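Report on the following structure.
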Amino acid sequence: MSAVRSSLALAVLASVFAAGFAVAQPAPARPAPPASPREAAPIDLTGQWVAIVNEDWRWRMVTPPKGDYASVPLNDEGRRVADQWDVSQDGRCEAYGAAALLRMPTRLRIRWDGNERLVLETDAGRQVRNFAFGAPAAPAARSLQGQSAAKWVTPPRNPGGPGLAGAGGGPESRGGYLEVKTTNLTPGWLRRNGVPYSEDAVVTEYFARFAAPNGDEWLMVTTLVDDPRYLTQRFIVSNHFRKEAEGGHWNPRACGAGS
Amino acid sequence: MSLRSALRAVFGVLFLLNCAAAAAQTNLIGYWNPLFHEDVDERIPGPSIGDYLGLPISDAARLRAEAWDASLLSMPEHQCKPHPSTYGFRGVGVLRIWEDRDEDTQQLVKIHTHIAWQEQHREIWMDGRPHPPEYAQHTWQGFSTGSWEGDVLVVKTTHLKAGWMRRNGLPLSDRATMTDRFHRYGDVMTHVMIVEDPVYLTEPLVKTNGFLLAPAGTMTPYPCEPVIEVVREPGFVPHYLPGKNPFLGEFGQHYGLPREATRGGAATALPEFAETLR
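Protein chains in written order, with numbering that gives the first Met the number 0: chain A, 0 to 258; chain B, 0 to 277.
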């Protein structure tokens with residue numbers, strides 16, 4: 000009887016380990032080439048998106064008064080520069096730089112250019128941003144949109160979540176987001192009334208996508224601006240965009256004083 | 000090896016596998032300080048009367064808000080009200096998040112959120128239980144269940160008391176529901192609220208709130224005891240009758256904004272609305 004028990008116990012134990020081994024160690028095969036960033040994308044950001052401006056409305060939909068830099072953690076030098084702005088500068092392209100472009104009332108079109116570059120276009124200010132995956136790009140001249148290095152961040156698969164089975168998760172809801180770091184910028188404005196960021200600014204953005212209960216698809220971009228020249232601390236905002244049909248309303252308008 | 004020993008080994012292996020799965024989750028536990036880099040006027044000093052910019056409100060919501068008198072908050076019945084969960088994450092006060100796990104299985108049963116102001120304590124059930132029937136009690140924080148979408152905590156809340164979407168009288172009904180999402184990026188957390196209300200919203204209201212991890216955070220108690228602040232006639236409730244609120248135009252006049260903007264509505268949040276203001 001004892002021998003039978005021991006045999007049964009060993010068989011059970013062996014089957015558990017074998018099952019685990021089978022899951023963790025698939026049969027050896029020729030390693031597949033690494034997926035391109037386009038193929039590896041955990042979420043699809045492409046398409047047309049419209050900004051829903053229901054936060055900071057009076058700083059985003061209209062040009063706020065000179066000196067209205069409430070809630071931006073400016074240092075003394077930042078305030079001094081902001082106070083030099085004049086209403087005749089309203090509409091200039093500095094307001095459409097990478098650190099604040101997505102705060103504008105705008106539509107976005109996002110598409111792949113090849114397998115290693117995402118392109119984001121705005122109709123407001125007619126700006127184009129390039130998110131490059133892979134090896135860092137060679138240094139280029141500073142620009143309003145700077146140079147952006149992108150990478151996907153994908154959580155490990157964890158079907159079932161940390162709670163009981165059925166508490167959530169699963170392959171169809173794996174999540175993940177795009178992280179973009181932008182440097183090599185020319186000076187720009189965090190707000191249309193000349194609240195400044197400098198060429199030293201580093202902009203870090205997280206692009207996430209989710210579905211609302213009513214079926215609407217949303218893009219949420221959390222933006223972190225670090226600027227040791229004009230800010231006392233990191234400036235953090237988030238913008239949300241609703242998915243639209245391809246070829247929907249698109250109203251390109253160039254930036255520039257008086258536009 | 001005995002059967003008992005073998006079964007212990009089996010459970011040990013299963014335990015380790017489960018721990019590996021749990022470790023893959025985003026850890027939201029800790030203290031979080033709210034960031035006020037957005038909507039600071041609304042969230043710190045409080046919104047202006049008649050400021051409905053960008054909000055997808057219905058005519059009924061506008062009518063209710065225009066009748067609202069801030070003196071209402073001085074009444075004893077209203078002094079100790081917490082924010083409903085549909086607003087609390089936009090308010091002031093430290094946020095603390097912690098979890099309850101079953102002692103024997105270490106399975107996640109519940110996540111708690113607690114916001115300092117008026118002690119807004121919310122329980123988010125993670126054990127797959129259903130929401131109660133509609134006739135169950137409605138509370139300020141409602142009934143919440145959570146699940147994970149990858150590393151994002153997604154929470155569905157029902158059974159809310161009639162509350163508010165903005166502290167200037169814009170109401171939410173007791174039929175409102177909310178889906179909120181907790182996205183963590185290092186020491187930054189973006190909280191997303193998707194509020195639906197067939198009475199006072201014409202489309203879902205989506206808002207985002209930023210938080211910064213506070214490793215040395217603390218939570219203070221917030222005892223509240225109502226007192227008579229203003230002696231009033233019995234039964235009097237501060238209010239304005241339709242068309243009689245003298246303060247509705249002040250916000251627009253101060254900032255030079257047209258009435259069709261300040262009165263809100265879904266269209267005022269779209270880029271093309273900005274074009275009409277030029």
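In this text, a Cβ means the ideal position worked out from N, Cα and C, and glycines have one as well.
Here the structure is a predicted model, which is why all the values come from computation and not from measurement.
query: Compile a chain-ordered list of the residues in the segment 192-210 of chain B whose CB is closer than 9 Å to at least one CB of chain A.; result: I193, E195, E202, P203, L204, V205, K206, T207, N208 and G209
query: If contact means a Cβ-Cβ distance below 9 Å, which residues of the segment 241-262 of chain B contact chain A?; result: Y254, G255, L256 and A260
query: Within 8 Å (strictly less), CB to CB, does H113/B reach chain A?; result: no
query: For H77/B, which residues from the same chain have a beta carbon less than 7 Å from its beta carbon, with the 5 sequence-adjacent residues on both sides left out?; result: L71
query: For L143/A, is the classification buried or exposed, using 16 other Cβ atoms within 10 angstroms of its Cβ as the cut-off for buried?; result: buried
query: Tell me whether Q119/B sits in a helix, a strand or coil according to DSSP, three-state version.; result: strand
query: Per DSSP, what kind of secondary structure is Q146/A in: helix, strand or coil?; result: strand
query: State the DSSP-derived secondary structure class of R95/B, mapped to helix, strand or coil.; result: strand
query: So A273/B packs on P64/A, CB below 8 Å; how close in whole Å?; result: About 17 Å; that fails the 8 Å criterion.
query: First and last residue of the alpha helix (DSSP H) that includes S205/A?; result: Here residue 205/A turns out to be Tyr, not Ser, going by the sequence shown. Where Y205/A is concerned, there is no enclosing alpha helix (DSSP H), although the beta strand (DSSP E) it sits in stretches over V201 to A210.
query: Between W56/A and chain B, is there a C-beta pair that is closer than 8 Å?; result: yes
query: Check whether the Cβ of P270/B lies closer than 8 Å to any Cβ atom in chain A.; result: yes
query: Once DSSP output is grouped into helix, strand and coil, what is the label at D85/A?; result: coil
query: By DSSP's criteria, Q105/B is part of a beta bridge. Which residues make up the other side?; result: None, per the DSSP bridge assignment.
query: Among F246/B, N32/B, N167/B and H238/B, which has the Cα closest to the Cα of I235/A?; result: N32/B
query: What span of residues does the alpha helix (DSSP H) with F250/B cover, start to end?; result: E249 to Y254
query: Indicate the three-state DSSP secondary structure (helix, strand or coil) for A69/A in the structure shown.; result: coil
query: When DSSP labels each residue in this structure, what does G77/A get in the three-state scheme?; result: helix
query: Can you have a look at N114/A and say buried or exposed, based on whether 16 or more other CB atoms are within 10 angstroms of its CB?; result: exposed
query: Would you tell me roughly how many angstroms separate the C-alpha atoms of G251/B and T261/B, rounded to the nearest one?; result: 6 Å
query: Measure from the alpha carbon of F210/B to the alpha carbon of each residue in P44/B, T189/B, P203/B and K160/B, then state which is nearest.; result: T189/B
query: Would you say the segment 47-57 of chain B touches the segment 256-271 of chain B, given that touching needs at least three Cβ pairs under 8 Å?; result: yes
query: Please decide whether G145/A counts as near chain B, where near means a Cβ-Cβ distance under 8 Å.; result: no
query: Quick one, which residues of the segment 160-182 of chain B are near chain A if we go by CB-CB under 9 Å, in chain order?; result: T176, T178, R180 and H182
query: Does the Cβ of N167/B have 16 or more other Cβ atoms within 10 Å, making it buried, or fewer, making it exposed?; result: buried
query: Between which two residues does the alpha helix (DSSP H) holding R258/B run?; result: R258 to T261
query: Run the CB neighbour count on P251/A, radius 10 Å, all protein chains shown included, and call it buried at 16 or more, exposed below.; result: exposed
query: Using only CA atoms, which one of M177/B, V153/B and G29/B lies nearest to A161/B?; result: M177/B
query: Could you tell me which residues DSSP puts in a beta bridge with Y196/A?; result: G187/A
query: Could you have a look at G209/B and say whether DSSP puts it in helix, strand or coil?; result: strand
query: Closest to W84/A by CA distance: which of Y68/A, L218/A and G246/A is it?; result: Y68/A
query: Apart from the five residues just before and just after L163/A, which ones in its own chain have a Cβ nearer than 6 Å to its Cβ?; result: A caution first: L163/A carries a pLDDT of 34, below 50, which makes its placement in the model unreliable, though a value can still be read off. Result list for L163/A: empty, nothing under 6 Å.
query: Return the Cβ separation of G46/A and E204/A in integer angstroms, given the expectation that the two are a contact with Cβ distance under 8 Å.; result: At roughly 18 Å, the Cβ-Cβ gap does not stay under 8 Å, so G46/A and E204/A are not in contact.
query: In this structure, how does DSSP classify L204/B when only helix, strand and coil are distinguished?; result: strand
query: Taking Cβ positions only, does V151/B come closer than 8 Å to chain A?; result: yes
query: Using a Cβ-Cβ cut-off of 8 Å, state whether E102/B counts as contacting chain A.; result: no
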